[in-house]
Amino acid sequence: MSVRLEKPLKGHLSGILRSEWDSALPHTLHRVTALDDSTVPVSQLLEHDGQSQRLAVVFAALSHPTRLRLLSWLALRGETRRSVLNHMFGDLSDHLKRLETVGFVIARRPPTGGAQVVTYRLADGALDHLASLISPRD
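Letter by letter, the sequence shown follows residues 1 to 138 in the UniProt record's numbering.
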């Protein structure tokens, strides 16, 4: 269940804006409201509270065609062994690490011992999270 959280903004905008954050997506700004109903340029809002840096990391992780194809594969086919992914796409070490770091994919590694069969799957809500980053909200 997601709840709207109000967080204070920092810096020179703190006295004029109120922000709402979604508890299910803690790094995603939901809405910013001016206390006096004035408008503030979006570029100022994104610079605020590190939001632009977080978005830059996420979009950098999505900036390579192989990573986009990999996300599409996992969305359509579900959990897949790393060996299969490497066969289909070539060496994916850096690509998988970047997607895992930003939370779009999840690796399942077996406990120590035995054959090391690692599988990857799309993280729950990953596509919804991506859509929320690029879609306007009310």
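Cβ coordinates follow ideal geometry from the N, Cα and C atoms, glycine included.
Since this is a predicted model, take the numbers as computed values, not measurements.
*Using the Cα positions of T101 and H95, report the straight-line distance between them to the nearest angstrom.*
Near 10 Å, if we compare the C-alpha coordinates of H95 and T101.
*Going by the beta-carbon positions, is the gap between R67 and R98 smaller than 8 Å?*
Yes, they are a contact pair.
_Local conformation of T101 per DSSP, three classes_ = Three-state result, T101: helix.
*Please state if the CB of R121 and the CB of L74 are separated by a distance shorter than 8 Å.*
Contact: yes.
*asked:* Comparing C-alpha positions only, which one of V117, L133, L130 and I106 sits nearest to A123?
replied: Cα-wise, what sits closest to A123 is I106.
_If you reduce the DSSP assignment to three classes, tell me which class A131 lands in._
In the three-state DSSP reduction, A131 falls in the helix class (H, G or I).
*Within this structure, are the beta carbons of V117 and P111 separated by less than 8 Å?*
No, they are not a contact pair.
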